[in-house]
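Chemist: I'd like to ask some things about the structure below.
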Amino acid sequence: MASDENLRRNPLLPTLSVYLGHVRPQDTYWYLSATPELLTAAATKFQRESRKMNEASLVLDRE
């Protein structure tokens, strides 16, 4: 979330927020904090959880 400190470090955050059509700078700050490492970790977790859900669905379909 965008705190006062983050806004001081990123004075153009409100401008970027308006440009992107966001109502609050908090909604835009995520774009500044997303790193390749963070996005890779999120994608890996999503894939793992998706596999679990698919496996569970297959088990339920057999019943």
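Here our numbering is used: the first residue of the sequence shown is 17, the next is one more, and so on.
By construction, the Cβ of each residue, glycine as well, lies at the ideal position given by its N, Cα and C atoms.
1) What is the residue span of the alpha helix (DSSP H) that Val39 lies within?
2) Contact check, Thr51 vs Ser33 under 8 Å by CB: the rounded distance?
3) Short check: CB of Asn26 to CB of Leu54, under 8 Å?
4) Would Leu28 pass as a contact of Pro41 if the rule is Cβ separation under 8 Å?
Modeler: The short version:
1) Here residue 39 corresponds to residue number 23 of the sequence shown, with the count starting at 1. Unbroken run through Val39: none, as it is neither H nor E.
2) One-based indexing of the sequence shown puts residue 51 at position 35. One-based indexing of the sequence shown puts residue 33 at position 17. Going by Cβ atoms, the distance from Thr51 to Ser33 rounds to 20 Å, so no, they are not a contact pair.
3) Your numbering for residue 26 matches position 10 in the sequence shown. Your numbering for residue 54 matches position 38 in the sequence shown. No, these two residues do not count as a Cβ contact at 8 Å.
4) As a position in the sequence shown, residue 28 is number 12, starting the count at 1. As a position in the sequence shown, residue 41 is number 25, starting the count at 1. Not a contact, by the Cβ cut-off of 8 Å.
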